[in-house]
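Residue numbers (the numbering used here): 2 to 223.
From the three backbone atoms N, C-alpha and C, an ideal C-beta is built for every residue, glycine too.
Computed from a predicted model, the values in this text were never measured in an experiment.
Following: one structure in structure tokens, then a few remarks.
This is how it looks when you write it as structure tokens:
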């Protein structure tokens, strides 16, 4: 009889299904493909852009701060240099002959002797408010005697004399500094020629930043 063979065949097929584990059956089912959704990709891009912007802003801020600190250091050094030059010009002079807004006239020394003030013995320091430049006017070494005019110390208007002389061959200009936006000079005596100390306030400006330096110089032989 072939019924026995059919039963055996059926029995083998059933045993194969009964022996299969549930996990294997599930593996045969179709599973969705793995990957990122559009929302996840956009969210990742947004986060990356925010981080990049924050880092860029931090780098820019650090760079700007460093540059600004460097500019301020340069300004401080420059301001001190201008103050030192002015102090040296005053400190190597014998007396003040005249002073006013943005200028001072000094008697360097009585080299010709006789108590008179000669062209070769004077120097004028003046700030040009139009250009913010600081100049020193002084006769060159070896000024011819014919040009070395002498003036009475008490009765002469030395501001007028040096204003007429400045920038001429006998009283040329030398640039001391640029970017000097303000200058105030103060004497320690109401009588100009009796003063022994000259105080100054110098303001310099670089790239929009300003620094004011205060100093003083004692005239020599005092």
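- Message: Alpha carbons only, please: which of 213, 183 and 118 is nearest the one belonging to residue 163?
- Response: 118
(Q) I need the straight-line Cα distance from residue 104 to residue 127, nearest angstrom please. (A) So the alpha carbons of these two residues sit roughly 4 Å apart.
Q) Where does residue 44 sit, in a helix, a strand or coil, going by DSSP? A) Note: residue 44 maps to helix in three-state DSSP.
Note to self: Counting only C-beta atoms, is residue 167 closer than 9 Å to chain D at any point?
What the structure shows: No chain D is present in this structure, which holds just one protein chain.
| query | At which residues does the alpha helix (DSSP H) containing residue 166 begin and terminate? | reply | 159-166
Q. By how many angstroms is the C-alpha of residue 120 removed from the C-alpha of residue 218?
A. 23 Å
Check: Any idea if residue 176 is buried or exposed, counting beta-carbon neighbours within 10 angstroms, 16 or more meaning buried?
Finding: exposed
Does the separation of the CB atoms of residue 174 and residue 138 fall below 9 Å? Cβ atoms of residue 174 and residue 138: closer than 9 Å.
### Top-ranked residue by Cα proximity to residue 131, from 42, 44, 95 and 179
Looking at the Cα atoms, 179 is the closest of the given residues.
Nearest candidate by alpha-carbon position, reference residue 96, set 213, 155, 216 and 168: For the residues 213, 155, 216 and 168, the minimum Cα distance to residue 96 belongs to 155.
Give me the residue from 167, 166, 160 and 171 with the minimum Cα distance to residue 145. Closest option to residue 145, Cα to Cα, is 171.
Original post:
Considering only the beta carbon of each residue, do residue 220 and residue 198 sit closer than 9 Å?
Top reply: yes
Next on the checklist: At the level of alpha carbons, what is the spacing between residue 182 and residue 136?
Outcome noted: Answer to the nearest angstrom: the Cα atoms are 13 Å apart.
* **For residue 200, three-class secondary structure by DSSP** => Assigned with DSSP and collapsed to three states, residue 200 falls in strand.
> Can residue 39 be considered in contact with the ligand HEM, in the sense that its beta carbon sits closer than 8 Å to one or more heavy atoms?
Replying inline: The ligand HEM is not part of the structure shown, which contains no ligands of any sort.
Put residue 88 into one of helix, strand or coil per three-state DSSP.
-> helix
- Taking the beta strand (DSSP E) that residue 188 falls in, what are its first and last residues? 181-188 is the extent of the beta strand (DSSP E) around residue 188.
Contact belief for residue 85 with residue 109 at Cβ below 8 Å, rounded distance in angstroms: 18 Å between Cβ atoms; not a contact.
### Query
Should residue 114 be labelled buried (16 or more other beta-carbon atoms within 10 Å of its own) or exposed?
exposed
- Status (buried if at least 16 other CB within 10 Å, exposed otherwise) for residue 90: Residue burial is scored here from C-beta neighbours: residue 90 has at least 16 other C-beta atoms within 10 angstroms and is therefore classed as buried.
For residue 123, which option in 188, 102, 159 and 134 has the closest C-alpha, if you only look at C-alpha atoms?
159
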